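There are 2 protein chains.
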Amino acid sequence: MTTLEIVRGLRSQIADRLREEILSGRRAPEERLCEAALARSFGVSRGPVREALVQLTHEGLLVAKPHCGVRVAAPVPDSILAFIVPIRRTIETHALSLIFDDLNAEDFRAWDVILGRMARACEQRDVAAAVEQDIAFHRSLLERAGQPDLLAIWSTIVARIRSHFWQVHHLRRDAPIDVQADHRQLVLIFQSGDKKASVRALKAHIASARGDAPKVAPPEAQRPCENNRGMS
Amino acid sequence: MTTLEIVRGLRSQIADRLREEILSGRRAPEERLCEAALARSFGVSRGPVREALVQLTHEGLLVAKPHCGVRVAAPVPDSILAFIVPIRRTIETHALSLIFDDLNAEDFRAWDVILGRMARACEQRDVAAAVEQDIAFHRSLLERAGQPDLLAIWSTIVARIRSHFWQVHHLRRDAPIDVQADHRQLVLIFQSGDKKASVRALKAHIASARGDAPKVAPPEAQRPCENNRGMS
DNA sequence: AATCGTAGGATTGTCAACAATCTGATCGAC
DNA sequence: GTCGATCAGATTGTTGACAATCCTACGATT
């Protein structure tokens, strides 16, 4: 790790880089990750790498077997995805309800920063950055709610949804969706002060099919709820 | 770590012991945990302790601040508890639906073992053991479903519910609830082969301590069910 | 007397080496 | 020819020491 911001600790940095490599598809599912090799490639010792692997294992991107190292987890099946997206929606709308009456100028300023980064990412066709900002936006809702437990559950769910989001965007090489416009409109509704409408809009936002619902639904998977693409 | 089973790795053992200490109340909320002190008390090096702390942080029992170590997390507020219990219920009933038609003699034999341990724990007024077996029973449902992602989300939720369960039983010194009878009856219903009735029974079994709270959206429409005690 | 700066101690972050365990590949027996 | 045991190599699990950072208490200054 030659020259990187030193403020966040090697564990976090390694975890971030590995997460990005896995989600972008550069690390294939079932691939085994060797601690020593990773440590060498990052130019660090095995200690921080081990801790990062523990973390990513808990995030669901890796699976560990004692004395046998870790492997990249298989992608989340669509049936599970369809099942957990509504849970995510429930959590986020709940968080929004909690914070809505306290929203102030600073909140909207923070969202504006995120929206700016999102717009730039969309322009540059940077899927990685777009996904990150998308998640950052929704995460900010949860963080603002000040409920660490809610955030933890949300994170566990989103880690699964994120992988699917990446996967879809990686297979299809066409232009990244302009998620920025959607989110900006969402913020505008929040700004209007209409709580009910805002919750409704967020609910629709998370469920929105965005035109490209996966028509490749697996044969045996009967979707218990409406089709949707989850993220963004 | 003087004489313990050596098969599971120090990290898991340390994590288990710390979890038990935290949940039982022996470690007060906001208490700071020092790596070196823990390592000394367990008789191991700091490496495994660090990894265990990373794990418990992800489980929500600890909160970490860079360069400042970890502190025991504050207990989960009742409002959050009331919100996440229905989510847990949704996940478990979904898992039961998935596996129901595949249940075989071996599954029931495994449950019988758990029920035996649970009965013994109840007899001996061993809250710790009773909770563990209770959770083990429900976890087996998720593990049997063969969906690691579902299990991960469930674990995140249950970690929060568990702390509350422990807390309640620690404050009230009266006899532990006879959770064993409840679970045995549940298994009997499963054995009858009536899927609908089984799902309904499980749904009733998992109810928030303060009556049913918010509706969670996921798949099957939810119907009101009678109140019941918290976990178990 | 109150506040700021500073030094000491304690704690976390990181590293390189040792010990235990597993994988797989070769070799021999049936 | 197939199956099982054995052994080398690689990989993980663990350790103790070093470096960086932070918290606390003390003292100087206004």
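Residue numbers (the numbering used here), protein chains in the order written: chain A, 141 to 372; chain B, 141 to 372.
Ideal Cβ positions, reconstructed from N, Cα and C, are used throughout, including at glycine.
Since this is a predicted model, take the numbers as computed values, not measurements.
- Contact of I224(A) with chain B is assigned, a C-beta pair being separated by under 8 Å.
- Here V267(B) is buried: its Cβ has 16 or more other Cβ atoms, across all protein chains shown, within 10 Å.
- Check the Cα spacing between D242(A) and each of E232(A), R284(A) and G187(A): the tightest is with R284(A).
- For the pair R229(A) and W294(A), the CB atoms are not nearer than the 8 Å cut-off.
- Interface annotation for the region 281-294 of chain A against chain B: Q287, P288, D289, L290, A292 and I293, criterion Cβ-Cβ distance under 8 Å.
- Look at V339(A): its C-beta is not under 8 Å from any C-beta on chain B.
- Annotation for A341(A): the continuous alpha helix (DSSP H) segment containing it runs K335 to A347.
- Residues of the region 184-198 of chain A with a Cβ closer than 8 Å to any Cβ of chain B, in chain order: G187, R190, E191, V194, Q195 and H198.
- At a Cβ-Cβ threshold of 8 Å, G200(A) and R300(A) count as neighbours.
- Look at P206(A): its C-beta is under 8 Å from a C-beta on chain B.
- Collapsing the DSSP output to three states places A214(A) in coil.
- Under the three-state reduction of DSSP, R172(A) is assigned to strand.
- Take V319(A), set aside five residues on each side of it, and the residues of its chain with a beta-carbon closer than 7 Å to its own are M258, C262, A270, D274 and S372, in chain order.
- C-alpha of L173(A) to C-alpha of L342(A): approximately 38 Å in a straight line.
- When the five nearest sequence neighbours on each side are left out, the beta carbons in the same chain lying within less than 6 Å of the beta carbon of W251(A) are those of V327, in order along the chain.
- For the pair A213(A) and L202(A), the CB atoms are nearer than the 8 Å cut-off.
- Within the same chain, Cβ atoms closer than 6 Å to the Cβ of L193(B) are found at V210, the five residues on either side in sequence being excluded.
- Going by C-alpha positions, L236(A) is about 32 Å away from H207(B).
- Scanning its chain for C-beta atoms nearer than 7 Å, with the 5 sequence neighbours on each side dropped, one finds around H323(A) the residues L255, M258 and F277, in chain order.
- Per the coordinates, the alpha-carbon of V184(B) lies some 42 Å from the alpha-carbon of F223(A).
- The Cβ of V298(B) sits no closer than 8 Å to any Cβ of chain A.
- Just so you know, the alpha carbons of V189(A) and R340(A) end up roughly 42 Å apart.
- According to the DSSP assignment, L282(B) belongs to the alpha helix (DSSP H) that extends over V267 to A285.
- Contact check for R186(A) and A179(A): beta-carbon distance about 5 Å, within the 8 Å limit, so the pair qualifies.
- Listed as beta-bridge partners of L202(A) by DSSP are V212(A).
- With contacts defined as CB atoms closer than 8 Å, Q195(B) and H198(A) qualify as a contacting pair.
- Any Cβ of chain A closer than 8 Å to the Cβ of V271(B) would place that residue at the interface, and such an atom is absent.
- In the DSSP assignment, V327(B) falls within the alpha helix (DSSP H) that extends over V319 to S332.
- Around V319(B), no beta-carbon contact reaches into chain A at under 7 Å, the shortest distance being about 24 Å.
- Burial is judged here by how many other beta carbons sit within 10 angstroms of a residue's own beta carbon; V225(A) has at least 16 and is buried.
- Proximity of chain A to I254(B) at the Cβ level (cut-off 9 Å) is not reached, the minimal Cβ distance being about 23 Å.
- Around the CB of D218(B), fewer than 16 other CB atoms lie within 10 Å, so the residue is classed as exposed.
- Residue contact check for I239(B) against chain A: no CB pair falls below 8 Å.
- With respect to the C-alpha of L163(B), the residue from E232(B), A337(B), I329(B) and V216(B) having the closest C-alpha is V216(B).
- A Cβ of chain B is located within less than 8 Å of the beta carbon of I220(A).
- For the C-beta of V203(B), the chain A residues within less than 8 Å are, from N- to C-terminus, P288.
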